[in-house]
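According to the working numbering, the sequence shown is numbered sequentially starting from 159.
Cβ atoms here follow ideal geometry from the backbone N, Cα and C, with glycine treated the same way.
Treat the numbers as computed from the prediction; the structure is a model and nothing was measured.
Remarks on the structure that follows.
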Amino acid sequence: MFKALSNEGYQFMKDAGGYDANVANADAVTQLPATEYSDETKFLTLADGYDQLPIQLADRFNRAMPGGLPEGERVRMNHRLAEIVIGSGEYPYTLRFEPTVTVSGSTRKVEGAEPTLVRAKKVILAMPRRSLELIDSTFFDDPWLQVNLGSVLIQSAFKLAFAYESPWWRALGLVAGRSVTDLPIRQTYYFGTECEQEGGLPFMNSLLMASYNDISTVPFWKGLDLGTPYEGYRPSCLEPGVNRILPQMEFPATEQMVEVANKQVAALHALPELPMPYSAVYHTWSEDPYGGGWHEWKAAYRLDEVMCRMRKPVEGVRRQRPVLHHHQPRQDVLDEAQPKFLGTYAGPASPAITRVVMEATGCPIALGTIITDDISTS
Ligand SMILES: Cc1cc2nc3c(=O)[nH]c(=O)nc-3n(C[C@H](O)[C@H](O)[C@H](O)COP(=O)(O)OP(=O)(O)OC[C@H]3O[C@@H](n4cnc5c(N)ncnc54)[C@H](O)[C@@H]3O)c2cc1C
């Protein structure tokens with residue numbers, strides 16, 4: 159793109175497109191449809207909120223669709239896949255899931271909880287690059303996989319939503335859609351007003367996505383996220399029973415963040431000032447286990463080939479066989495295929511996973527460290 163455009167043209171694509179991602183140094187073919195919106199674009203929202211999309215998908219998979227497992231037992235929330243141990247036999251994969259707990263939108267490991275172990279014939283890891291990198295397994299030692307997990311760029315994203323007591327943007331002729339700026343808020347989207355929703359209450363409370371930004375502007379907001387949490391205020395109209403004006407989220411919006419963004423929203427609309435929002439929430443997609451909001455194919459990778467092979471990246475997966483470096487102690491892996499060995503120890507492993515591997519291989523004893531001639535001494 160930079161080859162075909164002047165510097166000003168390139169900069170215009172970045173500023174006016176709203177997304178840095180549109181001009182990121184990614185694969186040229188996938189970057190072609192850089193302009194996504196026209197005057198005819200229709201903006202639709204989900205009646206009960208965007209979270210209904212994953213909620214409904216999970217529910218249908220769990221209940222409505224046919225499946226090998228009984229209805230209601232197909233989705234297990236709050237289990238983090240921490241390790242995949244590769245063995246042999248009909249169920250070669252042992253998956254170690256750590257129980258997690260989600261409090262106020264934030265998910266963390268339950269310290270000291272026993273992991274859940276699952277034996278599998280086949281595994282589909284439908285996860286982004288960073289999530290895969292966080293899983294412990296010799297599977298990822300495969301040289302092709304190591305190179306090609308890096309075939310996608312991780313791109314950060316940030317959203318900040320404000321609730322106002324009235325849709326002040328209507329006075330400017332703005333009803334739906336978005337405005338774009340080169341300020342760090344980058345894009346502002348106009349959402350609904352309570353009384354206009356089907357079955358809505360007779361309130362004018364309205365929602366604005368004050369900022370939707372990616373890549374280069376995300377660090378601007380990162381610099382504001384450690385201050386005093388924004389408290390908001392109680393609007394004159396509020397649904398009965400609602401006491402919490404700011405929903406509890408993984409990352410609370412701060413006073414500074416809200417003040418700075420509100421000023422930028424005013425500047426974008428050429429207004430001298432705006433009322434402060436009564437509520438504000440934000441989310442950033444840079445943290446583990448996601449790493450970023452979305453991914454783009456990097457330049458110089460054959461994405462057609464990578465895409466196909468990534469579905470089954472390693473042919474004939476071998477049992478645990480860690481690559482040993484000179485500074486590492488020699489431990490792990492006994493090859494039960496060789497008769498002189500009693501069984502397989504895959505590690506470093508918790509007592510629970512060791513127990514499963516011992517049972518699966520009929521191994522009578524597991525020592526903390528096992529020396530084997532299976533490992534190169536070079
Ligand atoms: C702000 C924003 C705007 C976007 N806009 C668009 C758009 O307009 N158009 C578009 O096409 N795309 C858009 N995207 C990108 C799109 O949302 C993602 O590409 C898509 O959701 C990826 O789906 P996925 O199923 O591959 O991965 P994910 O949706 O990331 O699903 C992976 C799942 O795996 C779980 N997981 C991760 N690690 C583990 C583990 N160790 N154990 C168990 N579970 C684990 C995660 O919790 C998650 O539920 C946007 C993304 C963001 C953040």
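Per-residue DSSP class, three states only, for residue i
i	result
Glu323	coil
Gln313	strand
Tyr168	helix
Ser444	coil
Lys267	strand
Val261	strand
Glu463	helix
Ala438	strand
Glu417	helix
Ser289	helix
Arg234	coil
Thr346	strand
Thr188	helix
Pro377	helix
Arg392	coil
Arg328	helix
Leu204	coil
Leu366	strand
Leu275	strand
Pro301	helix
Glu356	coil
Pro224	coil
Pro387	strand
Asn401	coil
Leu432	coil
Gly451	coil
Ile282	coil
Those residues which DSSP pairs with residue i across a bridge
i	result
Asn371	Phe316
Leu382	Beta-bridge pairing links Leu382 to no other residue.
Phe409	According to DSSP, Phe409 bridges with nothing at all.
Glu241	Arg254, Asp294
Glu248	For Glu248, which the question treats as bridged, DSSP gives no partner whatsoever.
Arg218	Answer is none; Arg218 lacks a bridge partner.
Val338	Gln345
Lys456	Ala184
Thr351	Ser364
Residue i classed as buried or exposed, judged by whether at least 16 other C-beta atoms fall within 10 angstroms
i	result
Thr442	buried
Gln313	buried
Lys172	buried
Ile213	exposed
Tyr125	Because residue 125 is not part of the residues shown, which for the chain are 159 to 536, the question remains open.
Tyr295	Position check: residue 295 holds Ser in this sequence, whereas Tyr was assumed. Buried is the call here.
Glu231	exposed
Pro224	exposed
Asp372	buried
Ala174	exposed
Val333	exposed
Gln210	exposed
Glu454	buried
Gln345	buried
Met415	buried
Pro433	exposed
Ser164	exposed
Asn180	buried
Asp197	exposed
Arg254	buried
Residue i versus the options, residue with shortest Cα-Cα distance
i	options	result
Asn363	Cys395, Ala428, Glu248, Lys279	Cys395
Ser262	Val439, Val472, Asp462, Glu454	Val439
Asp446	Tyr347, Ser289, Ala334	Ser289
Lys267	Ala321, Ala315, Ala240, Glu323	Ala240
Leu404	Thr296, Tyr322, Gln210	Tyr322
Thr260	Met407, Val472, Lys280	Met407
Asp340	Ser164, Met159, Asp178, Ala162	Asp178
Tyr436	His427, Arg460, Glu389, Ala458	Glu389
Arg469	Ala411, Gly358, Ile282, Phe160	Ile282
Ser247	Ala424, Lys280, Phe297, Trp302	It should be pointed out that residue 247 corresponds to Gly in this sequence rather than to Ser. Checking every option, the nearest Cα to that of Gly247 belongs to Lys280.
Ser369	Ala284, Ala329, Leu275, Asn420	Asn420
Ile343	Pro228, His427, Glu269, Ser309	His427
Gly207	Glu352, Pro387, Tyr391, Ala411	Glu352
Phe409	Ala425, Pro387, Asn401	Pro387
Leu190	Pro471, Ala457, Gly474	Ala457
Ligand 2 heavy atom lying under 7 angstroms from the CB of residue i
i	result
Tyr448	Ligands displayed in this structure: ligand 1; ligand 2 is not among them.
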